[in-house]
Structure formats: structure tokens, C-alpha cells
Amino acid sequence: MSLESATVALRLRNPWEATDLGVAMVRHWIGPVYGAWFTVALPLFLLLHLLCWGNWWLIPWLLWWLKPWLDRAPLYLLGHALFGDPPSRRQFRRELPRLLFRQLIAALTWRRFDLARSFVLPVSQLEGLSGKARRQRLRDLGQPGRGPAVWLTLVCANVEAALDFALLMLVWLLIPDVVALEFGDLLDDGSAWGQLWLNIIGFCGMSLVEPCYVAAGFALYLNRRTRLEAWDLELGFRRMAARWAGPGRTVARLAVLVVGLSLLTAPGMSRADHDELSLCEQRRVREAELAQSPSPVKQALEEVLREPPLQPCEWRQRWRFREDEPSGAAPEPPFRHDLLAQWFAGAVEMLLWFAFGLFLAVVGWWALRKAPRALARIRRRSIQPSPLLAQGRYEAISPPSADLADEAWRLWIAGQSREAVRMLYQGSLAGLATHYRLPTPASATEEDCLRLAARHLADPELRDFFHRLTRSWQAVAYAHRPPDAAVAQTLCQQWPRYFAVGGEWPA
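In the working numbering, the protein residues as written are 648 to 1154.
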């Protein structure tokens, strides 16, 4: 991709100006863009009618579902034409199979409901990214590009629905009145031919809107990359470097300019002033002569306006009875309001069913992705009353026993003072949760645990012991200052009295 070969001005735009750029690109390459669209969409439209023979009401839903698949052909052409390399028909037909079937399952399943699909489609198709690289690229593009893309999807969906209704009304208005009644009955009965008419009108509306939608999303993608990668600054620096590449030509131009200025002399300037004054004097004399002599054209116009047929007309108003109107005129056929109301009710019903289906899809997605983890969290809360502990303090442990103090003292004798104090502090937190029903949150600090103990523990000796143990743990964990051997032995001796399940530490 060469930025210098871009056929549009790559500069920073606001999002709606970028969408206008996309529509302008469709207008500029309207023939190739719609040719690429109909190359894929029209055979698919005919094939669906053959496959769904007798169930043509399914075709609008299938076309809506396959829109991401149909959007790839216009985007392929726009991506090449933008940088001065429009593909030929042979090249387009050769690339079409690979283009249509790349990441097809993902595009038609979990990515189908992405409202910003026109913005993210170039990442998958033009950059060829997938998996982790694609997710990282979308994170780099960021949220500022997704918001306008979502609004673009909603606006284009409403425009497409309005175009479908307008095309249906246009067909209704263009056919004669007698045939219009039969046409209305054909649509009202829900027959196969009536559904075929509706499918054709819906396909026309989709074909008018969808290439513009793809191009507008592509323009939003280009605008976002221009903002992130400073394409406009890069192009400006390259043009500046090319302009200053030949300093000799610049010096020659300056020399020619200096010589030209030196040829301007004062006598020439005075002669120009004298000529200008002469021309002004001649113009004033000519205007005075024209004002004194009457114009023959003006006299002829005044004579024509004085003739009787051009005199002002006289208007009169009077009241008259309605019976004076001719009664032989045929009454206008009544407008089929009931049929229009039925069509509107059907459209609303279809939208409601679509919303219900979308709700079921979201619930199903939540049930498959989120519900197992939520149920697992609820089950863990009901089965394990002890807190969740990690990094020495936050591991899932059972109620402590007197062996924990023995193990801590053996670690102290072996020179592992930090591990010994850590084990006592860890067992104290577990003992507070199991013996005293005082669980500590996973995000609690040592000071938070001290405040919880001071607020909820009734035994002052237990509060004092937990305070001394916490200070010893903070000293060895953060300041790397282990307590004295006497202090460590006292902690090991007193720990089973408060937290162990039976037994005393041997003296």
C-alpha cells in the first residue's frame, strides 16, 4: 500500500465527513462498485429462490443474514481502487473464491451481530488478520471509531426500510387503478407471486444502500488510521522533501524573479496612470451622451406596453352553489387505507419477531458464555465459607490445626523466617473465617484486616495477638526485617490457643 498513490485526500476528518467521503467514493466508482455487488448478490438472490421454492418468505431473512458475505466484493474493489490499482474483471473473478470464503463461519455467526461490522471488516479482509492479531488491531483502533460505525449501521437500516416502502408505493402509484386493486389483493393474500414482488423490492432497496454502507465504514476505518498513524503528516513531509529536492532550480527561479522586478521603472508607472485617467474620462463622456439621447429600444417597449391586451386585468369573486358543479364526473377510487394498515401491521409484527429472536440469541449467548462461571461462583460461595486467599495470604485452605505452628517453627529453625511468619499469618486469616466467622475480602490489605479484627473480635487477647502477628508479617514481608527468635517462638506458642483445632503447642 503506497500512500502517495491514494486517489483521495488522506487528512483528518470528523466521523460524518468521513462517511460522506465513503458515499463520494461510491459515486466516483459507481459502475465498478455496483458491478462487483451484483456479480455476487444477483446469483445468490436467484439461487435462494430456487432452493427455497414454496417458502419464499425465508429469502429476506437469509439475505439479511448473508449481508457480511455480500459486503466483501465492494470492499475489495474500493480497497484497490483507492490506491490507484483498480482490479480488472479477470483479476476480480480470480480472487473471488478466496475473498468470499475467508473467515466465513466467524463472519456469519458470532461476528454477525456486531453493529460496527462495516468498520471492522477491513481489518479481516484487507489486512488479513484473524484471532489474537485481529483482536489486538481492534483494540488499537479503539472505541472512538466504533461509535460512529454503530450509528451508521442504525441509520442505514432505517434508510433501507424507508427505501423499500417508497419503492412499494412507487409501484402502486405507477400501475392503473383497476390493476392496482388486483395488485393489492395479490400482496394481501400472501401468495407466492406477491412474496416474489416483495423480495424483488427488498433486494433493490438493499442493493441501493449496502455498497454505500460498506464504503462509509471503510472511510471511517481510513480516517481512524489516519488519526492514529498520522498519514496526513507523513504525506506532507514527503511532498516537502520532494519540493526541496532540487535547490538549484529554486535558486534559478529566485534569480529570474529579481531580474523581472528590476525591469519595472518609474516612467512606465506614470504612463499607466495617465492611460487610466484617459479611459475614465472617456467613460464619463459616453455615459453623458447616452443619458441625453433617447433609446429606440426603450421607446418601442413603452409603445407595446401601452396596447390594450397588456393592460391590467380585472378579477371578480362571487359565491355559487355546489349544484352548479358538473355532476357527470366519475368519483375518484377510494384509497385502500385498510390495506396500508395491514402492511404496516405486518411490518411491525416482523420487527417485533426480529426483536424477540435477537433477545433469545442474546440470552442463549449469555447462557453459553457467562452462566457457567456465574453458577460456579454461586456454588463456591455456598460450599466454601472460608475466604479466597492468594500469594501467601490468598489461597483456598481448610481450617488450620496445631500442626501449622509446628511446621512454622521448623521453618524458623531452618532459617526460613519469612515463610514461617507467612504460614502463621495465613493460618490466622483462615482461622478468623472458620472459627470466628470473620472472612476477609480478597482485596483487603493488612490494615483492613486489622480494622475488621478490632471491630468484630470481642476477645482483647486475640486482638492483641493478631495485631502483633500482623506487624511481624509486615516487617518481614516489606522491610525484610524478621522478628527476634523470642518473638517468633512466642507467636508459635500462642497461635494454637486461638486458631488451632484442639491441641497446644509443646513448650
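Don't be surprised by glycine CBs; every beta carbon is placed ideally from N, CA and C. Keep in mind that this is a model prediction, so the values were computed, not measured.
Using only alpha-carbon positions, find the residue among the options that is nearest to residue i.
{"i": "Ala863", "options": "Leu821, Leu814, Ala763", "result": "Ala763"}
{"i": "Tyr1072", "options": "Ala1122, Glu857, Ile1060", "result": "Ala1122"}
{"i": "Thr873", "options": "Gln842, Leu855, Asp787, Leu799", "result": "Asp787"}
{"i": "Trp990", "options": "Leu855, Ser735, Leu815", "result": "Leu815"}
{"i": "Phe865", "options": "Tyr723, Leu801, Ser1090", "result": "Tyr723"}
{"i": "Leu1109", "options": "Leu999, Trp844, Val797, Ala1147", "result": "Ala1147"}
{"i": "Trp711", "options": "Gly849, Ala1126, Arg1118, Arg886", "result": "Gly849"}
{"i": "Leu773", "options": "Glu857, Arg963, Phe730", "result": "Phe730"}
{"i": "Glu807", "options": "Ala728, Glu857, Ile677", "result": "Glu857"}
{"i": "Trp777", "options": "Ile847, Leu1051, Ala728, Gln750", "result": "The question names Trp, but residue 777 is Ser in the sequence shown. Of Ile847, Leu1051, Ala728, Gln750, the residue nearest in Cα terms is Gln750."}
{"i": "Trp676", "options": "Asp667, Ala728, Phe685", "result": "Ala728"}
{"i": "Leu869", "options": "Asp667, Ala1080, Ala1124", "result": "Asp667"}
{"i": "Thr756", "options": "Met887, Ala1008, His1127, Arg740", "result": "Ala1008"}
{"i": "Arg737", "options": "Arg782, Thr686, Gln783", "result": "Thr686"}
{"i": "Leu799", "options": "Pro744, Val861, Trp844", "result": "Val861"}
Using the Cβ count rule (16 or more neighbours within 10 Å means buried), how would you classify residue i?
{"i": "Ala967", "result": "According to the sequence provided, residue 967 is Arg. The question's Ala does not apply to it. By the 10 Å Cβ count, Arg967 comes out exposed."}
{"i": "Thr1087", "result": "buried"}
{"i": "Gln1038", "result": "Here Gln1038 scores only 39 on pLDDT, less than 50, and its place in the model should not be relied on; the value that follows carries that caveat. Burial call: exposed."}
{"i": "Arg871", "result": "buried"}
{"i": "Cys851", "result": "exposed"}
{"i": "Pro795", "result": "buried"}
{"i": "Gln1141", "result": "buried"}
{"i": "Asp718", "result": "buried"}
{"i": "Leu1138", "result": "buried"}
{"i": "Ile752", "result": "exposed"}
{"i": "Pro769", "result": "buried"}
{"i": "Pro1143", "result": "buried"}
{"i": "Thr654", "result": "exposed"}
{"i": "Arg660", "result": "buried"}
{"i": "Lys1017", "result": "exposed"}
{"i": "Arg1057", "result": "exposed"}
{"i": "Asn702", "result": "exposed"}
{"i": "Gly669", "result": "buried"}
{"i": "Ser771", "result": "buried"}
{"i": "Ala1052", "result": "buried"}
{"i": "Val1068", "result": "buried"}
{"i": "Ala1080", "result": "buried"}
{"i": "Phe1006", "result": "exposed"}
{"i": "Asn805", "result": "exposed"}
Would you mind reading off the limits of the alpha helix (DSSP H) that contains residue i?
{"i": "Gly669", "result": "662–675"}
{"i": "Trp712", "result": "706–712"}
{"i": "Ala1100", "result": "1093–1103"}
{"i": "Asp718", "result": "Premise fails: Asp718 is in no alpha helix (DSSP H) and is neither H nor E."}
{"i": "Gln842", "result": "839–876"}
{"i": "Cys803", "result": "790–821"}
{"i": "Glu774", "result": "Unbroken run through Glu774: none, as it is neither H nor E."}
{"i": "Trp1120", "result": "1107–1125"}
{"i": "Ala656", "result": "Neither: Ala656 is in no alpha helix (DSSP H) and is coded neither H nor E."}
{"i": "Gln1136", "result": "1132–1146"}
{"i": "Asp1050", "result": "1050–1060"}
{"i": "Gln1073", "result": "1064–1081"}
{"i": "Phe748", "result": "736–748"}
{"i": "Leu762", "result": "Counting along the chain, Leu762 falls outside any alpha helix (DSSP H), and DSSP gives it neither H nor E."}
{"i": "Ala753", "result": "751–755"}
Less than 8 Å between the beta carbons of residue i and residue j, yes or no?
{"i": "Leu713", "j": "Val680", "result": "no"}
{"i": "Asp879", "j": "Arg658", "result": "yes"}
{"i": "Gln842", "j": "Trp704", "result": "yes"}
{"i": "Ala683", "j": "Ala656", "result": "no"}
{"i": "Gly792", "j": "Phe766", "result": "yes"}
{"i": "Gly1078", "j": "Pro1129", "result": "no"}
{"i": "His1114", "j": "Leu1099", "result": "no"}
{"i": "Leu867", "j": "Ala665", "result": "yes"}
{"i": "Met1070", "j": "Glu1093", "result": "no"}
{"i": "Pro707", "j": "Ala754", "result": "no"}
{"i": "Ser1075", "j": "Leu1116", "result": "yes"}
{"i": "Val673", "j": "Cys803", "result": "no"}
{"i": "Leu709", "j": "Leu695", "result": "yes"}
Compute the beta-carbon to beta-carbon distance between residue i and residue j, rounded to the nearest angstrom, for a pair I have assumed lies under 8 Å.
{"i": "Trp1059", "j": "Ala1135", "result": "5 Å"}
{"i": "Ser854", "j": "Ala994", "result": "At roughly 20 Å, the Cβ-Cβ gap does not stay under 8 Å, so Ser854 and Ala994 are not in contact."}
{"i": "Phe1112", "j": "Tyr1083", "result": "13 Å between Cβ atoms; not a contact."}
Quick one: is residue i near chain B, going by C-beta distance under 8 Å?
{"i": "Ala1091", "result": "The structure shown contains no chain B; it holds only a single protein chain."}
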